[in-house]
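Novice:
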Amino acid sequence: MADVFAKNIAVSAEDAAKLTPRAEFRVFGRDIIESVKEHMWECKAVLYKARIMPEEVYVLSKNTNEANVKVRDGLLDIKTRVGVTPEGYEIFQPRGKFQFPVKKEELATILENLKVEINLDKSEYTFDEFCDMVRENSKLALVSVEKKRYGFSVNDVICEYAYVWMNGALVETACCESEDYGRMKEAVEALGLSKMPNTNYLKAAKKVVGF
1119 MADVFAKNIA VSAEDAAKLT PRAEFRVFGR DIIESVKEHM WECKAVLYKA RIMPEEVYVL
1179 SKNTNEANVK VRDGLLDIKT RVGVTPEGYE IFQPRGKFQF PVKKEELATI LENLKVEINL
1239 DKSEYTFDEF CDMVRENSKL ALVSVEKKRY GFSVNDVICE YAYVWMNGAL VETACCESED
1299 YGRMKEAVEA LGLSKMPNTN YLKAAKKVVG F
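Residues in the sequence shown are numbered consecutively from 1119, following my numbering.
#1: Taking one C-beta from the stretch 1159 to 1172 and one from the stretch 1256 to 1266 each time, how about it: are there three or more such pairs within less than 8 angstroms?
#2: Specify the secondary structure class of SER1153 as computed by DSSP and reduced to three states.
#3: Helix, strand or coil for ILE1228 per DSSP?
#4: Would you mind working out which of VAL1164, PHE1146 and LYS1321 sits nearest VAL1272, comparing C-alpha positions?
#5: Between the stretch 1147 to 1154 and the stretch 1290 to 1297, do at least 3 Cβ pairs fall closer than 8 angstroms?
#6: Out of MET1284, VAL1306, GLU1247 and ASP1250, which one is the CA nearest neighbour of ILE1276?
#7: Could you say which of LYS1233, GLU1242 and ILE1209 lies nearest to LYS1405 if we only look at CA atoms?
#8: For LEU1320, which three-state DSSP category applies?
#9: Pull up the CB-CB distance for ASN1285 and VAL1327, whole angstroms please, since I reckon it's below 8 angstroms.
#10: Would the beta-carbon of LEU1194 fall within 8 angstroms of that of ILE1228?
#11: Specify the secondary structure class of TYR1299 as computed by DSSP and reduced to three states.
#12: Exposed or buried, SER1241, counting other C-beta atoms within 10 Å across all chains shown (16 or more means buried)?
#13: Take GLU1235 and list the residues in its own chain whose beta-carbon comes closer than 8 angstroms to its own, dropping the five residues that flank it on each side.
#14: Could you tell me the boundaries of the beta strand (DSSP E) in which CYS1161 lies?
#15: So is LEU1320 buried or exposed if we call it buried at 16+ other beta carbons inside 10 Å?
#16: Under a three-way DSSP split, which group does LYS1125 fall into?
#17: Tell me whether the beta-carbon of TYR1279 lies closer than 8 angstroms to the beta-carbon of LEU1288.
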């Protein structure tokens, strides 16, 4: 199984467009993890890896939930929603991971996907300048996110459960992701998650921080 926790590697927008997007079903809430653990043994889950992730900074936009923009390992990372499966699973396509200082043209594309208009009068922007830009715009918000993730698989479908701190507030999450929607549906049902609403990180963060 691919290492879904592999180190974040900078790629161009052109390279990112060649990556095959996976569909994802994710849930957030309280007391999710204990329930998932119980179901894991029943469906013969294969334990994979645990990892404490480096702190991430997510960018929320009041105008969309379809552009996942975050900073991790010093890289500005964007992926956008390109579809929804008949089962309701969201498909996000990577769009690139950019080193700071970020070029004006790359930042303009990211802001376009966040559906906000900001005048860019410099040729490139540092991380601090980018954060200041976000804070000054009422349609955008920064959220600090820390994750302790536990990866496993169910019938070769990549899964995880995780403890997540959003601006210090603890929530639990679990997810399944795959290009094989049939197997993915089976995994979601086997883990007892199918009756919960599919909620991506952007929607969950907005709820937690009240944005």
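From the three backbone atoms N, C-alpha and C, an ideal C-beta is built for every residue, glycine too.
Specialist: The short version:
#1: yes
#2: Sequence index remark: in the sequence shown, residue 1153 carries index 35 (1-based). It is helical.
#3: Within the sequence shown, residue 1228 is the residue found at index 110, counting from 1. Of the three classes helix, strand and coil, the one that applies to ILE1228 here is helix, per DSSP.
#4: For the purposes of this step, residue 1272 is taken as residue 154 along the sequence shown, with counting starting at 1. When only C-alpha atoms are compared, the closest one is VAL1164.
#5: yes
#6: Taking the first residue of the sequence shown as 1, we reach residue 1276 at position 158. Residue VAL1306 is the option with its Cα nearest to ILE1276.
#7: A query on residue 1405 cannot be resolved here, the shown segment of the chain reaching from 1119 to 1329 and no further.
#8: Residue numbering aside, residue 1320 sits at position 202 when the sequence shown is read from its first letter. LEU1320 falls in the helix class under three-state DSSP.
#9: In the sequence shown, residue 1285 corresponds to position 167, counting from 1. In the sequence shown, residue 1327 corresponds to position 209, counting from 1. Right, the Cβ-Cβ distance comes to about 6 angstroms (below 8 angstroms), so this counts as a contact.
#10: Within the sequence shown, the letter at position 76 stands for residue 1194. Within the sequence shown, the letter at position 110 stands for residue 1228. Yes, these two residues count as a Cβ contact at 8 angstroms.
#11: In the sequence shown, the residue the question calls residue 1299 occupies position 181. Helix, per DSSP.
#12: If you number the sequence shown from 1, residue 1241 lands on position 123. Its Cβ having fewer than 16 others within 10 Å, SER1241 is exposed.
#13: Locating residue 1235 in the sequence shown gives position 117, where the first residue counts as 1. Excluding positions up to five away in sequence, the list reads LEU1229.
#14: Here residue 1161 is taken as the residue at index 43 of the sequence shown, counted from 1. Premise fails: CYS1161 is in no beta strand (DSSP E) and is neither H nor E.
#15: As a working note, residue 1320 is residue 202 in the sequence shown. Result: buried.
#16: Taking the first residue of the sequence shown as 1, we reach residue 1125 at position 7. Caution applies to LYS1125, whose pLDDT of 48 falls short of 50 and renders its modelled position unreliable; the value that the coordinates give is listed next. Residue state, collapsed to three classes: coil.
#17: One-based indexing of the sequence shown puts residue 1279 at position 161. One-based indexing of the sequence shown puts residue 1288 at position 170. Cβ atoms of TYR1279 and LEU1288: not closer than 8 angstroms.
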